[in-house]
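**Student:**
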Amino acid sequence: MRGAKSKSLAFTGLLLNCLELIFSANTGFSVSIYDVTSQSISLRWPKFSGASSYRVTATAVNTVGHSLLAHFSDVTIKATLTSLIPNTVYAIQAEAIDKNGIILAETQIMQSTAPDIPVIDQAYSKLSNSITVEWRAVPGATSYMLTAQDGDSFIETVVKNSPGTVMGLKPATLYRITIRSINSGGKSQPSPFRKAKTVLAAPILSVSSPSCDSIALSWKAVYMAAGFSVSLMRSDGLGGMLRENTTNTSLIFTNLDPGTLYTIKAYAWNANGMPGDDFTYNQRTIPCAPVNISIKEDKPGHLLVSWSSVSFGHYYVVFVKSDDGLEVHCNTSYTQCYFQSDCGFTYFISVFAYNKAGQSPLGDVFNYTTAPCCPSDFRAVFVSSDTVRVTWAPVRGADLYETRAAAWSTVVLCNDTAPACTLSALQCNTRYHITVHSFSEARGSNTSCAPKHVATAPCSPEIKNVSKEGLSVISVQWQSNNEDATYVVTARGEAGLWHCTSTGSSCTLTDLPCGSAFSVSAIARSPAGQSLPSYSVPLETAPCCPNDLILTQVTQSVTNISWSAGKGAQTYVTTLESPKGQAKCRTLQNYCLLGCITCGTNYTMSLKAISETGLTSSCTYQGYSSSACCPSGVKLYRLSNNGIRVFWRASDETINYSTDLHGSKGNFTCTPSTGRSHCDITEIPCGDVYTVVVAPLTDKGLKLTFCPKKIYSVTCSGSSLGMVIYRGKSNAEHI
Numbered sequence: 000m001r002g003a004k005s006k007s008l009a010f011t012g013l014l015l016n017c018l019e020l021i022f023s024a025n026t027g028f029s030v031s032i033y034d035v036t037s038q039s040i041s042l043r044w045p046k047f048s049g050a051s052s053y054r055v056t057a058t059a060v061n062t063v064g065h066s067l068l069a070h071f072s073d074v075t076i077k078a079t080l081t082s083l084i085p086n087t088v089y090a091i092q093a094e095a096i097d098k099n100g101i102i103l104a105e106t107q108i109m110q111s112t113a114p115d116i117p118v119i120d121q122a123y124s125k126l127s128n129s130i131t132v133e134w135r136a137v138p139g140a141t142s143y144m145l146t147a148q149d150g151d152s153f154i155e156t157v158v159k160n161s162p163g164t165v166m167g168l169k170p171a172t173l174y175r176i177t178i179r180s181i182n183s184g185g186k187s188q189p190s191p192f193r194k195a196k197t198v199l200a201a202p203i204l205s206v207s208s209p210s211c212d213s214i215a216l217s218w219k220a221v222y223m224a225a226g227f228s229v230s231l232m233r234s235d236g237l238g239g240m241l242r243e244n245t246t247n248t249s250l251i252f253t254n255l256d257p258g259t260l261y262t263i264k265a266y267a268w269n270a271n272g273m274p275g276d277d278f279t280y281n282q283r284t285i286p287c288a289p290v291n292i293s294i295k296e297d298k299p300g301h302l303l304v305s306w307s308s309v310s311f312g313h314y315y316v317v318f319v320k321s322d323d324g325l326e327v328h329c330n331t332s333y334t335q336c337y338f339q340s341d342c343g344f345t346y347f348i349s350v351f352a353y354n355k356a357g358q359s360p361l362g363d364v365f366n367y368t369t370a371p372c373c374p375s376d377f378r379a380v381f382v383s384s385d386t387v388r389v390t391w392a393p394v395r396g397a398d399l400y401e402t403r404a405a406a407w408s409t410v411v412l413c414n415d416t417a418p419a420c421t422l423s424a425l426q427c428n429t430r431y432h433i434t435v436h437s438f439s440e441a442r443g444s445n446t447s448c449a450p451k452h453v454a455t456a457p458c459s460p461e462i463k464n465v466s467k468e469g470l471s472v473i474s475v476q477w478q479s480n481n482e483d484a485t486y487v488v489t490a491r492g493e494a495g496l497w498h499c500t501s502t503g504s505s506c507t508l509t510d511l512p513c514g515s516a517f518s519v520s521a522i523a524r525s526p527a528g529q530s531l532p533s534y535s536v537p538l539e540t541a542p543c544c545p546n547d548l549i550l551t552q553v554t555q556s557v558t559n560i561s562w563s564a565g566k567g568a569q570t571y572v573t574t575l576e577s578p579k580g581q582a583k584c585r586t587l588q589n590y591c592l593l594g595c596i597t598c599g600t601n602y603t604m605s606l607k608a609i610s611e612t613g614l615t616s617s618c619t620y621q622g623y624s625s626s627a628c629c630p631s632g633v634k635l636y637r638l639s640n641n642g643i644r645v646f647w648r649a650s651d652e653t654i655n656y657s658t659d660l661h662g663s664k665g666n667f668t669c670t671p672s673t674g675r676s677h678c679d680i681t682e683i684p685c686g687d688v689y690t691v692v693v694a695p696l697t698d699k700g701l702k703l704t705f706c707p708k709k710i711y712s713v714t715c716s717g718s719s720l721g722m723v724i725y726r727g728k729s730n731a732e733h734i
């Protein structure tokens, strides 16, 4: 019996390996299988030329007397053979027949039916994402397909045998469960369905230890959950179990042991009290927060944080966060940490203890404010020699600034909330130590601020004397009361500015313009700055000498002198001086008539310009020569041939003269050669009165106009010149 069964199985396997083998005798007619169930085989074939019908025969292999015959018209190209035996190999033969019943072509194929339909015994859910199915084994089935359907969606799983589990399902969801048996031939039809519902999902715990003796749990709501059950016990098995049932989504267990590992389990149940998946989590309570925290600044820029040791604390972490948001931390197994600190910051400090369980709860948060920063970039600007304005950039942490200026035993203070201060009433020419201290309400003063050495400007000099050293040279003297100072003397007036510089106690102003008024002051300069100017001393320079001096001889003994105005002059004194005498004139005008001038004489010309205050400038000009003297003894004599000789007595034989006769019948002129004292005029008309003038000629050939004019009558004797009669001086003569 066992041997026959083995042979049958071997033959069946051989047939199964040849399921797709087609015997078509090279006619091109073939059959293919497109669906197989437990009791049916569906096949198809192509149309064959000339065929009017088709005949299909299915014969069970190794089963006596079981065969199936079916006829199909020529329009049919596929068919399903039903009422077959499950898990049975069939030899299927298809024939193409013409209208006369003659077989045109035939083909054969071997195909096994699927195993019989399984029956589900039970379906249940133990996990929220799966359903487990149990059934009785089906003969010939090599595997089974489980299907879980939820509405239009379904999940399929292939398993070897019972029981089988469908995974990937949704929690708390009702599914229709079916099963199919599978062999090499195909799959059976689905079994009658069973309904099964997945259990609730497990709550996902968020666990923390807010204190060293408590554990806090929270979770999100679970779909379809009516309540939750949470249990907690020590992981080492010591002590009892704590269990809490709740409808909330959070829970706190208290009075626990610090630094101890606990195992926590939680699950949800539905309205029927059926529990769902559970969630397991291990959480250690930690250590307690460190206490007795102290903070001190052992030196500027270094913070020391210390605390008491904590039971079950393996190491500590100190967090230091500054008020600008920057945070640093320190890990240590000791009970103190050093941190770098900056001035003017507030630091918030917290200390945590750690062990394998994690971090201790947050203890007290301390704050520490460092001393305000020092204004290290302050500038000192002198407003005057005794006043300094100190400015600086605002610094972190400062609520108030104190500016201190110290020199010898003198201290000047200034307090202000603004980053500037004006120090007044300082001593000139003094070196001060200026320090700007910053204050804060939280920490007080920063006493580490370095001073800056600032020297005040020199003291104002005092002019003691201003003296005239020359025509345009002024010497100024002052009292020197500064160290390493340079003095600048300034003469200021409408004419402009003049300066002189000295490191001593005097200097000389040169090239000052004449006739100008000045205000003279002095200042002292040093690298520290410039003093206030001294009191001014008035200065007046001597008046200017007139530039354009003009002398005009009015008569033989009177000369007119005129000049341009001299700047700064009010009174003028002019003098003509020669060995023969002196002529002088004092006037407020810019001209003067000088009498008692000797003709033909060389004079020295001088002029004094005197200011309103009596300053005098002596002005010397080029020498002046008075004009030649007019000739004396001018007479007219008759000559023959109607001529007249004019005769005179010359004052100097080197002088040339010119003779003019003016009458109603004509004007006549003659000029004798040098050294002669007469001049002849011929063909002069008689019977007329003539005005006769004999005048010296200047070097330029000009006639003097102030020589006397004499009148003569020239009578006629017949047609010739008669008598020449002197009639006296002309009334037209003027001075």
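FYI, in numbering that gives the first Met the number 0 the residues of the sequence shown are 0 to 734.
Glycine included, each C-beta is placed from N, C-alpha and C at the ideal position.
1. With a 10 Å radius around its C-beta and 16 neighbouring C-beta atoms as the bar for buried, classify GLU94 as buried or exposed.
2. Could you have a look at LEU168 and say whether DSSP puts it in helix, strand or coil?
3. Based on the DSSP output, what are the partners of CYS329 in its beta bridges?
4. Confirm, please, whether the CB-CB distance from ALA215 to SER228 is below 7 angstroms.
5. Excluding the five sequence neighbours on either side, which residues of its own chain have a C-beta within less than 7 angstroms of the C-beta of TYR280, listed in chain order?
6. Quick one, which of PRO695, GLY443, HIS677 and ILE102 has its alpha-carbon nearest CYS628's?
7. With a Cβ-Cβ cutoff of 7 angstroms, do VAL350 and PRO289 count as a contact?
8. Check each candidate in ARG585, THR690 and LEU412 and name the one with the smallest Cα separation from THR573.
9. Can the beta-carbon of CYS506 be found closer than 7 angstroms to that of ALA541?
10. Restricting to Cα atoms, I'd like to know which of THR284, ALA265, ARG283 and LEU103 is closest to GLY275.
11. Whole angstroms is fine: what's the gap from ALA527's alpha carbon to GLN478's?
12. Does the Cβ of TRP407 have 16 or more other Cβ atoms within 10 Å, making it buried, or fewer, making it exposed?
13. Taking 6 angstroms as the cut-off, does the CB of PRO360 come closer than this to any heavy atom belonging to the ligand GDP?
14. Using only alpha-carbon positions, find the residue among THR570, GLY686, PHE705 and THR558 that is nearest to GLN581.
15. With a threshold of 16 other CB atoms inside 10 Å of the CB of LYS194, please say whether the residue is buried or exposed.
16. Distance, Cα to Cα, SER563 vs ARG637?
17. Please name the residue in LEU425, LYS186, GLY686 and LEU614 whose C-alpha comes closest to that of MET144.
18. In three-state terms, what does DSSP make of HIS677?
19. Count Cβ pairs between the segment 228-238 and the segment 159-167 that sit closer than 8 angstroms; are there 3 or more?
20. Is the beta carbon of GLN110 closer than 7 angstroms to that of ILE176?
21. Only counting the same chain, and skipping five residues up and downstream in sequence, which positions put a Cβ closer than 6 angstroms to that of PRO532?
22. Please state the DSSP three-state secondary structure of LYS46.
23. Within this structure, are the beta carbons of THR502 and THR485 separated by less than 7 angstroms?
24. Which runs of the beta strand (DSSP E), 3 residues or longer, sit entirely within the segment 30-115?
25. Give the DSSP-derived three-state secondary structure of GLU296 in the structure shown.
26. Just mark SER72 as buried or exposed, buried being the case when its beta carbon has 16 or more other beta carbons within 10 Å.
27. Do you know how far the Cα of TYR346 is from the Cα of GLY324?
28. Assign ILE654 to one of three DSSP states: helix, strand, or coil.
29. Run through the DSSP bridge pairs and tell me what VAL382 is partnered with.
30. Quick test of your reading: LYS709 and VAL691, contact by CB under 8 angstroms. State the CB separation rounded to the nearest angstrom.
31. Nearest CA to the CA of TYR431: which residue from LEU412, ALA417 and ILE643?
32. So THR668 and SER650 are supposed to be a Cβ contact under 8 angstroms. How far apart are they, rounded?
33. Going by the beta-carbon positions, is the gap between ALA516 and GLY565 smaller than 7 angstroms?
34. Quick one: does ALA215 have its CB under 7 angstroms from some CB of chain B?
35. Considering only their Cβ atoms, is the gap separating ALA50 from LEU103 smaller than 7 angstroms?
36. Within 10 angstroms of the Cβ of ASP120, are there 16 or more other Cβ atoms? Answer buried if so, exposed if not.
**Tutor:** Inspection of the coordinates gives the following:
1. buried
2. coil
3. VAL317
4. no
5. LEU204, VAL206 and ILE263
6. PRO695
7. yes
8. ARG585
9. no
10. ALA265
11. 20 angstroms
12. exposed
13. Looking at this structure, you won't find the ligand GDP or any other ligand, since it has none at all.
14. THR558
15. exposed
16. 52 angstroms
17. LYS186
18. strand
19. no
20. no
21. SER520 and ILE522
22. coil
23. yes
24. 31-35, 40-43, 52-59, 66-72, 77-80, 88-96 and 102-111
25. strand
26. exposed
27. 10 angstroms
28. coil
29. Answer is none; VAL382 lacks a bridge partner.
30. 5 angstroms
31. LEU412
32. No, THR668 and SER650 are not in contact; Cβ-Cβ is about 21 angstroms, not under 8 angstroms.
33. no
34. No chain B is present in this structure, which holds just one protein chain.
35. yes
36. exposed
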